[in-house]
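Letter 21 of the sequence shown, counting from 1, is numbered 21 in our numbering, and no numbers are missing. This report concerns only the one structure given below.
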Amino acid sequence: MEHYRRTAHTCFDIKSHLAWITKHRKKLLQADVGVRLRQLVRVIRSDLEVEIIKGHMSKDHVHLFVSCPPHVSAIALMQGLKERTSRKLLQEYSHLNKQCWGRRLCAPGFFFEKLAVNFLAMAKLRRCFRLIEPSDRT
């Protein structure tokens, strides 16, 4: 139970793998732009109550392994991350405006995978269900 996160009325362990790419896979996330993107992701993460377990950033894409509360949907999380970071980076770095034609820094889609299956928990549930007497099952 120590790895579960809690809110006022829920106890959860929802982990997700998120990924998105830059527009036309351009190598825009280099040097100080990449460092600034990391800072922005950390700020937005705290606003959305999301815990970053692991992250990886390349020159043209970002991968995050996160734990988020049940009330934060995947679309809201990705919109928050992509829109806010893109807007800030385009404001702060003028050379990105030229490469992205002043529009978006990221491609329109994203990858999302929910990793809520915990094999140890499933084994415990199976053991518990085996211990229940057949007359008690409904």
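Glycine residues also receive a C-beta, built at the ideal position from the N, C-alpha and C atoms. Being a predicted model, the structure only gives us computed values, none of them experimental.
N- and C-terminal bounds of the beta strand (DSSP E) containing residue i
i    : result
V66  : 61 to 67
A19  : 15 to 21
F112 : 111 to 114
Boundaries (first-last residue) of the alpha helix (DSSP H) holding residue i
i   : result
L37 : 31 to 47
H95 : 94 to 100
Contact belief for residue i with residue j at Cβ below 8 Å, rounded distance in angstroms
i    : j   : result
K114 : I14 : 7 Å
Counted within 10 angstroms of its Cβ, other Cβ atoms place residue i as buried (16 or more) or exposed
i    : result
W20  : buried
C11  : exposed
I132 : A caution first: I132 carries a pLDDT of 49, below 50, which makes its placement in the model unreliable, though a value can still be read off. Result: exposed.
V50  : buried
Cβ pair residue i, residue j closer than 8 Å
i   : j    : result
V66 : L18  : yes
L81 : V33  : no
K27 : K59  : yes
T7  : C106 : no
Cα-Cα separation, residue i to residue j
i    : j   : result
R36  : R5  : 28 Å
R84  : S46 : 13 Å
Q79  : M57 : 18 Å
L96  : H63 : 21 Å
F112 : Y93 : 28 Å
K88  : S16 : 25 Å
L77  : Q30 : 24 Å
P69  : H9  : 11 Å
R104 : K54 : 25 Å
G109 : V43 : 22 Å
Any C-beta of chain D under 8 Å from that of residue i
i   : result
R45 : As a matter of chain content, chain D is missing from the structure shown, which is built from one protein chain.
Residue i CB to nearest heavy atom of the ligand HEM below 7 Å
i   : result
I52 : By its list of ligands, the structure shown contains no ligand whatsoever, and the ligand HEM lies outside what it can speak to.
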